[in-house]
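Listed below in structure tokens is the structure:
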């Protein structure tokens, strides 16, 4: 349509809906593009941001909004308008319907095709013989799990984990709180107290054995 400000063409897998590619084309035939003021252009120029944000919706799989004339994805547009720069409720609902849910954390897995694509998070099970994608694979007492360094940013640890060293002299890492076994140093005083209790128990057992004889 020569009257259209722009056109977005997408290629996608029909069974899965996965977008394989997309092209955005802007129509500059007998049109003047501009970055208009917030209240729009009044001289017939077309606001670039207003059009591109709408086309990006198509780029990511959104169709035209059938109900809300103020939505970014409304099919019609006027030269100089700017309200499509920001998303309305209908746009956000459409986006959330397509891309529902969110990951609890982030990671940087290897590019697909180079190594097996893997994305693990703090607390996930991992094999100590293989590097964990999120950082380190450590046995915290109940089997090897994924953990990450946190010395530079203690707040990076998710809920249920604290930034603590695994043992004396270790750099802090995200460690599960309230469970498991941690490596700690024992003071000489505590060691002597434990030894005295053990000797007292042994002496009592020997006295009881002598009485039975």
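Residue numbers (this note's numbering): 16 to 228. No residue lacks a Cβ here, since even glycine has one placed at the ideal position from N, Cα and C. These numbers were taken from a predicted model, which means no experiment stands behind them.
Counting C-beta neighbours from all protein chains within 10 Å, is the total for residue i 16 or more, i.e. buried, or is it exposed?
i	result
residue 66	buried
residue 32	exposed
residue 162	buried
residue 175	exposed
residue 106	buried
residue 166	exposed
residue 22	exposed
residue 53	exposed
residue 112	exposed
residue 59	exposed
residue 191	buried
Return the residue from the list the options that minimises the CA-CA distance to residue i.
i	options	result
residue 90	74, 104, 101 and 70	70
residue 109	86, 48, 185 and 152	86
residue 19	61, 57, 34 and 30	61
residue 41	56, 52, 24 and 151	24
residue 100	50, 57 and 112	50
residue 77	114, 57 and 84	114
residue 186	38, 164 and 47	164
Which partner residues of residue i appear in the DSSP bridge assignment?
i	result
residue 22	40
residue 61	48
residue 113	DSSP lists no partner for residue 113.
Can you round the beta-carbon distance between residue i and residue j to whole angstroms, since I take them to be within the 8 Å contact cut?
i	j	result
residue 178	residue 137	Not confirmed; about 11 Å, so no contact.
residue 35	residue 43	Not quite, the Cβ-Cβ distance comes to about 27 Å (not below 8 Å), so this is no contact.
- Query: With a cut-off of 8 Å, do at least 3 Cβ pairs link the stretch 56-66 to the stretch 94-103?
  - Reply: yes
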